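> Per numbering that gives the first Met the number 0, the sequence shown starts with residue 0, numbered consecutively. Before anything else, here's the structure in question.
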Amino acid sequence: MAVKVNKRNIDDVFDDEYNKIRKSLSGLNEIFKINLLENNIYYQCANDNLESIHETIISLLKHMYSPREVRMRLREIEYDELEAQESYI
């Protein structure tokens, strides 16, 4: 028996998650315009937004890929994150 995927449902999920990502990125854009210090409240706000993006991406991946594919994509994200941290440090 073939499993039928409800394409509209996936599109709705993608739209919802995309809007969350867009709002988080917009918030980051505003926060990063301000001079950030590690102990500053704005730095903490930026971290909160980054965590929100992380959770949203994982949620989106879970709706679009199998568990194995999610693990592979998360490894790619972690690798990219480490590369980015090394570039900015």
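Each residue gets a CB set at the ideal place from its N, CA and C atoms; glycine is no exception. Owing to the predicted nature of the structure, the values given are computational and were not obtained by experimental measurement.
Under 8 Å by Cβ, that's how I've got residue 64 and residue 72 pegged, so tell me the actual separation to the nearest angstrom.
Their Cβ separation, rounded to whole angstroms, is 7 Å, which keeps residue 64 and residue 72 in contact under 8 Å.
> Could you tell me the alpha carbon to alpha carbon distance between residue 66 and residue 59, rounded to whole angstroms?
12 Å
> Hey, residue 40 and residue 20: beta-carbon distance below 8 Å or not?
no
> Is residue 58 helix, strand or coil by DSSP?
helix
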